[in-house]
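Residue numbers (numbering that gives the first Met the number 0): 0 to 790. Down below is the structure, laid out as structure tokens.
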Amino acid sequence: MQCFHCLQPVPKGVDLTVSYKGEKHAVCCAGCQAVANTIIQHNLDAYYQHRDERPLETPLLPDELKQLSLYDHPDIQKEFIRDAGDNIQIATLTVENITCGACGWLIEQELMRLSGIRKAVVNVSSRRLQVHWDDGALKLSEILQALARIGYKALPFQPNEAEHQYEKQRKSYIKRLGVAGIATMQVMMVAFGLYFGVGGDLSESLQRFLWIVSLVFATPVILYSAQPFYAGALRGLQASKLNMDIPVSIALLGAYSASVYATITNTGEVYFESISMFTFFLLTGRFLELLAKERALRFATNRLTLLPKLAIRETADSTEEVAVRQLKVGDVIRVKPGETLPADGHLLSDKAQVDESLLTGESRPAVKVKGDKVVAGSLNQSSPIRVEVTEVAQQTVLAGIIAMQDAALADKPKVQQVIDKVAGYFIAGILLTATVTFLAWWFINPEHALWVTLAVLVATCPCALSLAAPTALTGIIHRLNNDGILLKNADVIESVKNLNTVFLDKTGTLTEGKFQLITKLDHTNNTHNDALAAGLESHSEHPIAAPLKLLSEQPMAFNSVENYQGLGLEGIAEGIRYRIGSRAFIQQWHPQYQPNGEHQVVLANESEVLAEYHVDDQLRPEAKETITTLQQQGYNPVIVSGDSKDRVEPVAHSLGIKEWHHDTKPEDKLSLITDAQRNGHTVWMIGDGINDSPVLAQADLSMTFSNASDLAQTSADVILMGESLWQIETVIKGATKVRSIMRQNFIWALLYNVSVLPFAAFGFVAPWAAALGMSLSSLLVIANSLRLYKK
């Protein structure tokens, strides 16, 4: 059976298909499946109608590498490439097989060798690569091929792709852990009999038989379960970069080979139980780290689905429904009430009300008139509108916000760079020490050289060091999850200790994000007023109208209702003309009227003012005490909001916040954050809108809520699932404790390695004792981290 795309034979056991013209066709690999789906989705399937269907007998390149050239097609690129000007292109790629900071370093170093690359930054947690390159000097397919040559498969970032990759890797780890766990139990039973049973009474043939049994069970562990370590070591060697997988692989393969030799020759010692246990512990640490990352990113990383998939485009004599990706500059589209704008453009209709709260943070709908710019992601709240498209895909305002967020996410904190550098020196020291030990013992006593060297590698293997942070981080994630808090990365732990400035968005952060009737003031019969207000507001779709519609179960019936954009409503009931709306709207009838306090919605007839209503986005009940607690702990709270001054100032005063900023755009917020950081402040940002996502990513520590936008969740370090500001204090306490646990883990791991090294190098530690010590060291780190699961 031939592959539908590349025409090569489909390997046995591969069950992958693509849908084409209503039929399913088999493909040979995931690469062919992805490229075929891309071709079909972009209406480029003429390729399959006119190609030469004779399979190549000797392909010049592997099929998957050749298929990458399809990503150079302009129609395909417009979905994921952003033009930065001066021929510079920016793309975000999803990269498979990233396991640690060394992988990120390797990818960045390899790409920067390519002529035309301007910038390449890897975010290890999200497995995303942001790359900037000169389109005139380099093609995207060449970048993807360069990554493939060093063992990393990269494709343009698409929604849900990261979640799919995490699920695939999680299943792989479960299988490997299962094999390692079952085999370790069997080998340990045999080892228990050899070491603590009747070992002295065993005959030589029976002892050798037990060794062979151990060999049978340990072999799947070495050949299957330990494969991730070999793959990581190989990638490091290919790039001349030391990582922790190298000494791990040397120790595993060296101990296994020596044990096999001992079994075959019936001389020396075997350490199959140590090998199996060693592998199981390391895999457990990697698996726990993977689960933490998967859980943390599940809410946000691949759910950027704010824009609609379809749009209504005008034709010469009618309209047609097309995919949003097919829109072009100059197209005229129609957007119905309640629908989201799919692209940036200029309003062709006379006027419109659009909700831009996810983009600007302003809770009130924006009133637009003919010729005004409207942006993708806005919600049309009034009548149907017509828009001329000016920007599509990666050139929209929304895409620009996402690009700012990705750029901030990609910047590596200094502490991570230091850790990566120290880890490289540490591993180099281990390998150098092992080499010196082998050479020294080769001259002293060649028969002991191999065993002593293995003891050095096993005893000083940095498995406890590699488990120190992931196990502690997993513990605090589990604990905080039980408290309704989602922790996304380890940067939170390091940032908490130095925080001194807290930037807070207003709408949805300090407030609940929902309009409510705060107070009302009746000048006449309140029941009649409520029926009038509810009746008039029933003709409005404005968010402020929502709580007023609920004032009466029997709203007054109105006719001839007219909506004055940005002012209010006017209608006739029982022969009397009424108005409800802004103060200025009512003052047209009653010039001498002066509003009472904060009441901004007023009900009146032509002869008198009937009632006043204060409708607003209510402060969270715990906001005042939370701000007070932060101030008592030495933090300086600052409000940064896209709302107008008259909405931000009262909130700041009521909470006792001295510094606040209003009418701030996304770039303004980002500038405030970066200025504060340049002035030596460690910044904490709490927000919930798309406009907050760049600053959430740029801040040293960031928080958002579970009902926040997907982009805010993607950028934030912490997501508060319980929707309570009180959880901030829980995060501080948890971060303080996990830092203490991690410090203890690192001190113990380094102390053990340093202290055991001279004993192992001088031949006082047998390989089995070294393996036991290494295992106990790892167990101690894990046990210490388990304390984080308790409150």
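Cβ atoms here follow ideal geometry from the backbone N, Cα and C, with glycine treated the same way.
Have a look at the DSSP bridge pairing and note the partners of residue i.
i, result
"residue 444", "For residue 444, which the question treats as bridged, DSSP gives no partner whatsoever."
"residue 88", "82, 132"
"residue 333", "311, 385"
"residue 510", "618"
"residue 318", "313"
"residue 660", "639"
"residue 352", "366"
"residue 8", "1"
"residue 346", "386"
"residue 153", "94"
"residue 613", "518"
"residue 268", "DSSP output for residue 268 lists no bridge partner at all."
"residue 424", "Looking at the DSSP assignment, residue 424 forms no beta bridge with any residue, so it has no partner."
"residue 250", "Answer by DSSP bridge pairing: none, since residue 250 is not bridged."
"residue 580", "567, 601"
Assign residue i to one of three DSSP states: helix, strand, or coil.
i, result
"residue 367", "strand"
"residue 132", "strand"
"residue 701", "strand"
"residue 148", "helix"
"residue 16", "strand"
"residue 503", "strand"
"residue 231", "helix"
"residue 0", "coil"
"residue 341", "coil"
"residue 482", "coil"
"residue 375", "coil"
"residue 546", "helix"
"residue 523", "coil"
"residue 684", "strand"
"residue 723", "coil"
"residue 569", "strand"
"residue 599", "coil"
"residue 241", "coil"
"residue 744", "helix"
"residue 678", "coil"
"residue 119", "strand"
"residue 652", "helix"
"residue 454", "helix"
"residue 608", "strand"
Rounded C-beta distance between residue i and residue j? I'm assuming under 8 Å.
i, j, result
"residue 83", "residue 131", "7 Å"
"residue 530", "residue 554", "6 Å"
"residue 667", "residue 498", "The Cβ separation is near 22 Å, so there is no contact."
"residue 172", "residue 285", "7 Å"
"residue 320", "residue 309", "5 Å"
"residue 651", "residue 672", "With a Cβ gap of about 18 Å, residue 651 and residue 672 do not count as contacting."
"residue 510", "residue 618", "6 Å"
"residue 792", "residue 451", "Nothing can be reported for residue 792: it is not among the residues displayed for the chain, which extend from 0 to 790."
"residue 601", "residue 580", "7 Å"
Given residue i, which residues of its chain have a CB within under 7 Å of its CB, disregarding the five upstream and five downstream residues?
i, result
"residue 71", "138, 139, 140"
"residue 743", "783"
"residue 278", "179, 220, 224, 225, 251"
"residue 787", "471, 474, 475, 478, 736, 737, 740"
"residue 764", "454, 458, 755, 758"
"residue 588", "578, 603, 605"
"residue 24", "3, 16, 17"
Near residue i, what residues of its chain come up, given a Cβ to Cβ distance below 6 Å and the 5 sequence neighbours on each side ignored?
i, result
"residue 55", "At residue 55 the pLDDT is 39, less than 50, meaning the model places this residue with poor confidence; the figure from the coordinates comes in the next sentence. Excluding residues within five positions, none has a Cβ falling inside 6 Å."
"residue 550", "529, 532, 533"
"residue 229", "248"
"residue 507", "687"
"residue 625", "724"
"residue 390", "343"
"residue 429", "246, 459"
"residue 776", "463, 751"
"residue 205", "none"
"residue 482", "729"
Tell me which residues share the same chain as residue i and place their Cβ nearer than 8 Å to its Cβ, disregarding the 5 neighbours each side in the sequence.
i, result
"residue 39", "17, 18, 19"
"residue 214", "258, 259, 262, 269, 271"
"residue 119", "106, 107, 110, 111, 128, 129, 130, 131"
Inset, instruction - Taking only runs that begin and end inside the segment 172 to 226, name each unbroken alpha helix (DSSP H) of 4 or more residues, in chain order. - result: Scanning the segment 172 to 226 for uninterrupted alpha helix (DSSP H) segments of 4 residues or longer gives 203 to 219, listed from N- to C-terminal end.
Legend entry - Segments assigned beta strand (DSSP E), at least 3 residues, entirely inside the segment 746 to 788: Considered as a whole, the segment 746 to 788 harbours no complete run of any beta strand (DSSP E) with no fewer than 3 residues.
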